[in-house]
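Report on the structure given below.
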Amino acid sequence: MPMMLGTKGDDILQWSASVQLLASLREKLARKWEQCPSGAAQSLLDQYIGALREELGYEAQLTSEVDALNAGIAQALSPGELRPLRARYLEVVAAHFRRRRSVLALCELCCDLHDRLLAKALGFAEERLAQMGQGKAPAYALLVSGDRGRGEQTLVGKNRYFLLHEEQATRFLLFRRQVSAALQEIGLTGGDAELWHGSLREWHGLLGAPPAQPEEPAQEEFLAALPPFASPQKAQPRELPGQWRPETLADLRVLRGDAPLAREALAAASRTLGLERSGDPFLQVARRIIALPVALGRFGRWRLEKSGARKGELNLTEFALAPLVQALRVLALHAGVEAGGSVERIKRLLETGALDVELAGRLLQAYQCLMQLKVLIEIRGEEGDSFCNPEEFSPETESRFRQSLDALVSLQKIGYQRLVAQG
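Numbering-wise (the numbering used here), the sequence shown opens with residue 408 and increments by one.
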């Protein structure tokens, strides 16, 4: 079944998918009617209508349960009250996925849950700050990069958060500490290593633009802003310009906070990407990405783990999903496309002429297939990289998986032509 149903404007991919779906349905009905009298044809249509009504009822039930969970989240008075609501929400989403297999629906629901939980975490942090007699929280902006930044949050998301402010003050350091604690209590982060914090001037410095004036050091060394990719440690001299990763800035998204501050932070990231994407360091990274190995090695053999607990299994993340997401990202950056999600990047690359309709459709199907496998692994309760055993694939799943890898290799070839052959 096509991945994307319905049409939106002049989106040729959605239009094509809808046409294929309707054509397939008409063909099946026509073959059935050829063998049926009029009464049987009416009965067949009634069955289709009944099935559609049942599915609509299921969707209404899902909406009702999600609304109830959202109301519970809004009324929660502590992080402890949110954890069972989050667990139930994920159970509902997982059940919907097992029935629908819709990656887009799952990501939409998980992104909405993530944002609601994050809003509550910030609210708790602001309340605690007031209870400490520190007044209102200082102006801040919270940005995210990773699965949520691309709009691809699943049952187990991997994200990095950036908490920016305008002033360097003890009050902000206290607020940051409360934000970090609330995020951990709710289960959105695993610690400070996933939450960078600093002033807008420090953000500019990390992106390569030196601050206009030196800033007063923080009063608590262990709370000093860290480079976004470093582990928590005692404050040390910062490297300016700081190191950055194109994938982090390209996937950056504003979640909450002061709108002008957030706009400036995003604008600075966009300027950095614009300056760096034609430079040699970016091209070197991009060339390495488009040459990443895929799950099928020489002679069509699977790249399986040769030792350890995962011996005989295939790393779906390393050899399939990550190469696809990263290749789409570097091609989008090279083409000046600022879309943040993989699906949107495919559509925008099609619009710019970097992809043709046939390959764009294959890539959408590949993304659907690989993400479905990833979510099914998450439903089993596994975290970290996603591993699967190709011997357990059904013939249909193996065929789709191989077709997905073929589409990925075709994408890598296009990347090679644009980033290597043409210099």
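No residue lacks a Cβ here, since even glycine has one placed at the ideal position from N, Cα and C. Quick caveat, the model's predicted, so the values are computed rather than measured.
Asked	Found
Unbroken beta strand (DSSP E) run spanning Phe371, endpoints	Nothing can be reported for residue 371, as the shown portion of the chain is limited to 408 through 830.
Unbroken beta strand (DSSP E) run spanning Ala548, endpoints	Tyr547 to Gly553
Cβ shell of Arg769 (< 6 angstroms), same chain only, five flanking positions each side left out	Ala814
Cβ distance (whole Å) where Thr561 is taken to contact Val782 below 8 angstroms	6 angstroms
Start and end residues, beta strand (DSSP E) containing Val661	Arg660 to Gly664
Cα-Cα separation between Gln591 and Leu662, rounded to whole angstroms	17 angstroms
Beta strand (DSSP E) runs contained entirely in the segment 681-713, provided each spans 3 or more residues	none
Contacting residues, own chain, Cβ-Cβ under 7 angstroms from Leu812 (five flanking each side not counted)	Val701, Ala702, Leu703 and Ala727
Sequence-distant residues of the same chain with beta carbon closer than 6 angstroms to Ala879, five excluded per side	For the chain, the structure presents residues 408 to 830; residue 879 sits outside this window and is missing.
Span of the alpha helix (DSSP H), counted from its first residue to its last, around Leu516	Val510 to Gln538
Own chain residues within Cβ distance below 7 angstroms of Pro644, not counting five before or after	With a pLDDT of only 32 at Pro644, under 50, the local geometry of the prediction cannot be trusted, and no value is derived from it.
Residue from Gly743, Glu462, Pro802 and Gln772 whose Cα sits closest to the Cα of Arg684	Gly743
Limits of the unbroken beta strand (DSSP E) element including Ser606	Leu602 to Ser606
Cβ pair Ala657, Leu614 closer than 8 angstroms	no
Reduced DSSP secondary structure (H/G/I, E/B, other) of Leu812	helix
Beta-carbon spacing of Ala548, Ala672 below 8 angstroms	yes
Status (buried if at least 16 other CB within 10 Å, exposed otherwise) for Asp554	buried
Through-space distance from Glu745 to Gln640, alpha-carbon basis	For Gln640, the predicted model reports a pLDDT of 39, less than 50, meaning its position is unreliable and no value from the coordinates is stated.
Reference Leu489; option with closest CA among Trp709, Glu498 and Gly479	Gly479
6 angstroms Cβ shell around Leu520 - same chain, five flanking residues per side excluded	Tyr496
Inter-residue spacing [alpha-carbon to alpha-carbon] between Lys439 and Leu463	24 angstroms
Contact under 8 angstroms by Cβ, Arg752 with Leu735	yes
Proximity below 8 angstroms, CB of Val586 to CB of Leu571	no
Reference Gln541; option with closest CA among Leu580, Leu513, Val563 and Tyr568	Leu580
Boundaries of the alpha helix (DSSP H) in which Met579 is found, first to last residue	Contrary to the premise, residue 579 reads as Phe rather than Met in this sequence. Taken as a continuous stretch (DSSP letters only), the alpha helix (DSSP H) holding Phe579 covers Thr577 to Ile593.
DSSP-derived helix/strand/coil call for Phe800	coil
For Ala739 and Ile697, the rounded distance between their alpha carbons	13 angstroms
Cβ-based burial, Leu680 [other Cβ within 10 Å; buried from 16]	buried
Best match in Arg567, Ala589 and Glu720 for proximity to Arg652 [C-alpha to C-alpha]	Arg567
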